[in-house]
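Residue numbers (this note's numbering): 5 to 68.
Notes follow once the structure below has been shown.
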């Protein structure tokens, strides 16, 4: 389980990556679970992520 923002508990399908002592969790996974849409675009050497709220932003998808 991964606790994120205000004690939300999310279960991810694969182990998160650990790099340089930091845990890396896929942004798209977290955004989807919190009800946000995520898209990405690549400009030169930069990768930009665009987050936009969906209808149920702020609620977890897998809550009982």
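Using N, Cα and C, we set each Cβ at its ideal position, and we do this for glycine too.
As the structure is a computational prediction, the values presented were derived from the model and not from experiment.
Around the Cβ of residue i, are there at least 16 other Cβ atoms within 10 angstroms (buried) or fewer (exposed)?
i	result
residue 38	buried
residue 22	exposed
residue 10	With a pLDDT of 48 at residue 10, under the threshold of 50, the predicted position of this residue should be treated as unreliable, and no value is reported.
residue 17	exposed
residue 19	exposed
Which residues does DSSP list as the beta-bridge partners of residue i?
i	result
residue 71	Outside the displayed range of the chain (5 to 68) lies residue 71, so it cannot be described from this structure.
Below 8 Å on the Cβ atoms is my guess for residue i versus residue j; work out the distance and round it to an integer in Å.
i	j	result
residue 31	residue 42	6 Å
Using alpha carbons as the reference points, say which of the options lies closest to residue i.
i	options	result
residue 57	34, 26 and 25	34
residue 15	40, 47 and 36	36
The alpha helix (DSSP H) spanning residue i covers which residue range?
i	result
residue 35	31-37
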